[in-house]
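Sequences listed follow chains A and B, in order. Numbering-wise (this note's numbering), the first sequence opens with residue 304 and increments by one. Numbering-wise (this note's numbering), the second sequence opens with residue 298 and increments by one.
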Amino acid sequence: EVQLVESGGGLVQPGRSLKLSCAASGFTFSNYYMAWVRQAPKKGLEWVATISTSGSRTYYPDSVKGRFTISRDNAKSSLYLQMNSLKSEDTATYYCARGMGADYFDYWGQGVMVTVSS
Amino acid sequence: DIQMTQSPSLLSASVGDRVTLSCKASQSIYNSLTWYQQKLGEAPKLLIYDANSLQTGIPSRFSGSGSGTDYTLTISNLQPEDVATYFCQKYYSGLTFGSGTKLEIK
């Protein structure tokens, strides 16, 4: 059974940093692209970052490019999201998701809440 | 950028109904479209990919269709457990989600 479990969320002040983690199990992690998708409270979904199987390629939308960094450790079946210079508009539930290539997402974690507020 | 517009934003239907949800792109996305179901308090679940391919394990009452700029998710024989918000997502020329359609039971 595919499982994705996020951790590392919480309350953080604007301008500070936070690192999210996602522990994957139930599949061969190194064979899949992985991604982060977020959802602001009572809002829609927004793609945040994607990483290739080896980690050599990463993709971001303009809204987070230069502030967020996605990475992975295939030996640990783990995905990460380093978030710097956080803004109030980054407040959201962050989902770890398994990618079908760099296109769409077939499994999602339960999400972790990040609140950016002073 | 290609924009995705979903309609209606809220849909109320009765058990057993056939319902259709719309997702329109501002230019052709060449069938590069998925549909997700998100129940309250849960993570999204993949229903349809490549516009009309049913994800493994999803009931056959869900179907996707369309081409070019216009796409549709159809739920036949609506069930109480189908109450959810449904999002479309394009993956041609970047990844963008629609704003969602909230489906309620009358």
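No residue lacks a Cβ here, since even glycine has one placed at the ideal position from N, Cα and C. Since we're looking at a predicted model, the values are computed, not measured.
So, helix, strand or coil for residue i, using DSSP?
| i | result |
| --- | --- |
| B:F359 | strand |
| B:K342 | strand |
| A:S391 | helix |
| A:A378 | helix |
| B:D379 | helix |
| B:S309 | strand |
| B:S364 | strand |
| A:S333 | helix |
| A:G402 | strand |
| B:Q324 | coil |
| B:S319 | strand |
| B:L392 | coil |
| B:K387 | strand |
Identify the continuous beta strand (DSSP E) that holds residue i and give its terminal residues.
| i | result |
| --- | --- |
| A:S310 | Q306 to S310 |
| B:Y368 | D367 to I372 |
| A:S324 | L321 to S328 |
| A:S357 | Looking at the DSSP string, A:S357 is not in any beta strand (DSSP E), and its letter there is neither H nor E. |
| B:E401 | T398 to I402 |
| B:T353 | No beta strand (DSSP E) holds B:T353; DSSP gives it neither H nor E. |
| B:S304 | M301 to S304 |
| A:R341 | Y336 to Q342 |
| A:F408 | Y407 to W411 |
| A:V315 | G313 to V315 |
| B:Y333 | L330 to Q335 |
| A:V367 | Counting along the chain, A:V367 falls outside any beta strand (DSSP E), and DSSP gives it neither H nor E. |
Could you compute how far the alpha carbon of residue i sits from the alpha carbon of residue j?
| i | j | result |
| --- | --- | --- |
| A:G311 | B:L308 | 36 Å |
| A:Q316 | A:T394 | 11 Å |
| A:T331 | A:L323 | 21 Å |
| B:Y388 | B:D314 | 30 Å |
| B:Q303 | A:V308 | 30 Å |
| A:Y383 | B:S311 | 43 Å |
| A:S366 | B:I299 | 16 Å |
| B:Q386 | B:P341 | 12 Å |
| A:S357 | A:I373 | 12 Å |
| A:C325 | A:W339 | 10 Å |
| A:F408 | B:K403 | 31 Å |
| A:Y362 | A:A352 | 6 Å |
| A:K379 | B:S396 | 35 Å |
| B:M301 | A:S328 | 33 Å |
| B:Y346 | B:L330 | 6 Å |
| A:F371 | B:G391 | 18 Å |
Is residue i near the ligand ADP, going by C-beta to nearest heavy atom under 7 Å?
| i | result |
| --- | --- |
| A:D376 | For the ligand ADP, the structure offers nothing, since it holds no ligand at all. |
Can you confirm whether the region 368-384 of chain B touches the region 405-417 of chain A when touching is taken to mean that 3 or more C-beta pairs between the two stretches lie within less than 8 Å? Counting Cβ pairs under 8 Å, fewer than three are found: no touch.
Tell me whether the region 389-403 of chain A and the region 359-371 of chain B touch, counting them as touching only if at least three CB pairs, one residue from each stretch, are closer than 8 Å. Contact between the region 389-403 of chain A and the region 359-371 of chain B is absent, because fewer than three Cβ pairs lie under 8 Å.
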